[in-house]
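Take a look at the structure set out below.
Below, the structure written as structure tokens:
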């Protein structure tokens with residue numbers, strides 16, 4: 082169940098990459114979730130849930146296209162298969178980058194980590210952080226820029242060490 086919930090955004094974006102019409106995307110997304118829920122007992126937990134969900138979504142999108150007789154943009158099945166494969170590769174790459182970013186954030190000094198989390202996780206403005214810390218706003222922006230550079234270097238190094246770039 083946790084994997085189902087955690088992958089909802091990825092599944093939606095994957096379907097979005099396959100279909101130009103947002104109404105169709107919503108319909109296929111709902112149908113895909115229904116099929117995933119109904120067939121969850123068939124999923125082997127030793128395998129990749131996201132890959133399985135993407136495969137179900139691909140077939141649901143193909144079924145929807147064959148049932149739909151609307152006008153508009155039509156893509157060949159071969160083209161859509163290529164788009165689907167690329168979307169899956171991009172999703173894997175994004176997941177790896179996010180995992181590396183999480184590791185790098187954990188390595189930050191406590192003060193830097195709190196500053197980054199306040200700015201991005203909590204959505205606080207530079208001005209409000211500066212006021213809370215009793216520092217000039219310019220200092221906050223410079224610190225965030227410095228930390229972001231350090232995180233980029235760390236993520237790049239981590240992905241290189243794992244052979245992902």
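Numbering (the working numbering), first residue to last: 82 to 246.
Glycine included, C-beta positions come from ideal geometry on N, C-alpha and C.
Using a Cβ-Cβ cut-off of 6 Å (strictly less than) and excluding sequence neighbours within five positions of residue i, which residues of its own chain qualify?
i	result
residue 106	96, 97, 100
residue 231	none
residue 84	130
residue 221	207, 210, 211
residue 168	95, 98
Does DSSP classify residue i as helix, strand or coil?
i	result
residue 219	helix
residue 224	helix
residue 206	coil
residue 88	coil
residue 246	coil
residue 102	coil
Apart from the five residues on each side of it in sequence, which residues of its chain come closer than 7 Å, Cβ to Cβ, to residue i?
i	result
residue 161	99
residue 194	186
residue 142	96, 99, 100, 109
residue 182	232, 236
Leaving out five residues on either side along the sequence, give the residues of the same chain with a beta carbon under 8 Å from the beta carbon of residue i.
i	result
residue 224	193, 196
residue 145	100, 105, 108, 109, 112
residue 172	91, 94, 95, 131, 135
**Asked** Is there contact between the region 88 to 95 and the region 129 to 145, where contact requires at least three CB pairs shorter than 8 Å?
**Response** yes
**Prompt:** Along the chain, which unbroken stretches of the alpha helix (DSSP H) at least 4 residues long are found entirely within the region 122 to 203?
**Reply:** 130 to 148, 158 to 188, 191 to 197
**Asked** Is the region 112 to 126 close to the region 156 to 169, with three or more CB pairs under 8 Å?
**Response** no
**Message:** With three or more C-beta pairs closer than 8 Å as the rule, is the region 203 to 219 touching the region 118 to 126?
**Reply:** no
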